[in-house]
Amino acid sequence: MLELRLVQGSLLKKVLEAIKELVTDANFDCSATGFSLQAMDSSHVALVALLLRSEGFEHYRCDRNLSMGMNLNNVSKMLRCAGNDDIITLKADDGSDTVTFMFESPNQDKIADFEMKLMDIDSEHLGIPEAEYHAIVKMPSAEFARICKDLSSIGDTVVISVTKEGVKFSTRGDIGNANIVCRQNTTVDKPEEATIIEMQEPVSLTFALRYMNSFTKATPLSNTVTISLSSELPVVVEYKVADMGYIRFYLAPKIED
Amino acid sequence: GCKQSTITKYFGKV
């Protein structure tokens, strides 16, 4: 028996919007720790890892570990029927091949049940090693989204370079090239407007902008984004999901032939 | 030129 009640149902709606472009089908795993997902895109260039900790749910019952295969586009269709202020409850019986999404309006005057078929998905689980990153950049998520969008109108790839001067995003294409430098800036009114650069050593990596733009679908989840870079490792682009967890996008770099 | 690497090059199956 599985029953997860999330008062801030809009978080789940935003999570689905953030990952459904990148991943088509995925297994949602439920355990005592929380509700999680790990999936790669079809070309195995990017990986998304989601964790919503059990403590973040108003009610969290998971009698035994359960893996539920879902088509994310179909989950998104279901969740779009929930109001932004609705409380969302996920329910599944042991051995059942369906999951039920229950939507309750804040004043309890409307309660809806949407039952969705589960599917069998063969997915490989990857071990993500703990790593020391050469540079960690924390910046406003809207600013990062703007940079990725702007650069993708010029080129297909972005070079992200961190030096003591700041973080530089560069691209080049047929019509010309572009460089955007963001310097550390902590003298802001609100902490979420700060750009904070922690650098152990300079790092410069090249990534496909198409994927970066896809990651920025998570922007509505968090005012800030954290970009962790290490040479010879996938970049990690992390968005916090309120105080209950995170979405981490891993993207393999483009490397010299 | 630059070649796109894959996630499985860095992270192994568990």
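Protein chains in written order, with the working numbering: chain Y, 220 to 476; chain Z, 9 to 22. The C-beta atom is built at its ideal place from N, Cα and C for all residues, glycine as well.
Count Cβ pairs between the stretch 224-241 of chain Y and the stretch 456-464 of chain Y that sit closer than 8 angstroms; are there 3 or more?
Enough Cβ pairs lie closer than 8 angstroms, so yes.
Name the two residues that bound the continuous alpha helix (DSSP H) containing M338 (chain Y).
The residue labelled residue 338 (chain Y) in the question sits at position 119 within the first sequence. Taken as a continuous stretch (DSSP letters only), M338 (chain Y) belongs to no alpha helix (DSSP H), as it is neither H nor E.
Taking the continuous beta strand (DSSP E) assigned at R224 (chain Y), which residues delimit it?
For this step, residue 224 (chain Y) is matched to residue 5 along the first sequence. Where R224 (chain Y) is concerned, the enclosing beta strand (DSSP E) stretches over L221 to L225.
So is E384 (chain Y) buried or exposed if we call it buried at 16+ other beta carbons inside 10 Å?
The sequence position of residue 384 (chain Y) within the first sequence is 165, counting from 1. Counting Cβ neighbours within 10 Å, E384 (chain Y) comes out exposed, since fewer than 16 surround it.
N293 (chain Y) and M259 (chain Y) look like a contact to me (Cβ under 8 angstroms); what is the Cβ gap, rounded to whole Å?
Here residue 293 (chain Y) refers to the residue found at position 74 of the first sequence. Here residue 259 (chain Y) refers to the residue found at position 40 of the first sequence. Rounded, the Cβ-Cβ distance is 19 angstroms, inconsistent with contact.
Name the one or two DSSP bridge partners that M259 (chain Y) has.
Within the first sequence, residue 259 (chain Y) is the residue found at index 40, counting from 1. Answer is Y:L266, bridged to M259 (chain Y).
DSSP state of L359 (chain Y), grouped into three classes?
Taking the first sequence and counting its residues from 1, one reaches residue 359 (chain Y) at position 140. First, the residue type needs correcting, since residue 359 (chain Y) is Pro and not Leu in the sequence shown. Looking at P359 (chain Y) - three-state DSSP - the assignment turns out to be strand.
Please check if any C-beta of chain Z sits within less than 8 angstroms of the C-beta of P507 (chain Y).
The structure shown has nothing for residue 507 (chain Y), since chain Y only spans 220 to 476.
Is there a Cβ of chain Z sitting closer than 8 angstroms to that of M358 (chain Y), yes or no?
As a working note, residue 358 (chain Y) is residue 139 in the first sequence. Chain Z, which has no Cβ nearer than 8 angstroms to the Cβ of M358 (chain Y), makes this no.
Pop quiz: M220 (chain Y) and D313 (chain Y) are said to be a contact at Cβ under 8 angstroms. What is the actual Cβ separation, rounded to whole angstroms?
Translated into positions along the first sequence, residue 220 (chain Y) becomes position 1. Translated into positions along the first sequence, residue 313 (chain Y) becomes position 94. Between D313 (chain Y) and M220 (chain Y) the Cβ distance is about 6 angstroms, and since that is below 8 angstroms, they are a contact.
Which of the three DSSP states is assigned to F468 (chain Y) in this structure?
Taking the first residue of the first sequence as position 1, residue 468 (chain Y) is located at position 249. Strand at F468 (chain Y).
Is the CB of V444 (chain Y) under 8 angstroms away from at least one CB in chain Z?
The sequence position of residue 444 (chain Y) within the first sequence is 225, counting from 1. False, the Cβ-Cβ gap to chain Z never drops below 8 angstroms.
Which residues does DSSP pair with I474 (chain Y) in a beta bridge?
Here residue 474 (chain Y) corresponds to residue number 255 of the first sequence, with the count starting at 1. The partner list for I474 (chain Y) (beta bridge, DSSP) reads Z:K11.
Is D369 (chain Y) helix, strand or coil by DSSP?
Residue 369 (chain Y) sits at position 150 when you count from the first residue of the first sequence. The answer is helix: DSSP assigns D369 (chain Y) an H, G or I state.
Looking at C-beta atoms only, is the number of pairs between the stretch 340-353 of chain Y and the stretch 423-443 of chain Y that lie closer than 8 angstroms three or more?
Judged by Cβ distances under 8 angstroms, the stretch 340-353 of chain Y makes no contact with the stretch 423-443 of chain Y, as fewer than three pairs qualify.
What does H344 (chain Y) touch in chain Z if you count any residue whose Cβ is under 9 angstroms from its own?
Translated into positions along the first sequence, residue 344 (chain Y) becomes position 125. Neighbours of H344 (chain Y) on chain Z, chain order: K21 and V22.
Please name the residue or residues paired with T414 (chain Y) in a DSSP beta bridge.
As a first step, residue 414 (chain Y) must be located in the first sequence, where it is residue number 195. Answer is Y:N404, bridged to T414 (chain Y).
Can you tell me the Cα-Cα spacing of V454 (chain Y) and K473 (chain Y), whole angstroms?
Numbered from its first residue, the first sequence carries residue 454 (chain Y) at position 235. Numbered from its first residue, the first sequence carries residue 473 (chain Y) at position 254. Those two C-alpha atoms are separated by around 11 angstroms.
How about M259 (chain Y): is its C-beta nearer than 8 angstroms to some C-beta of chain Z?
As a first step, residue 259 (chain Y) is located in the first sequence; it is residue number 40 there, counting from the start. So, interface residue.
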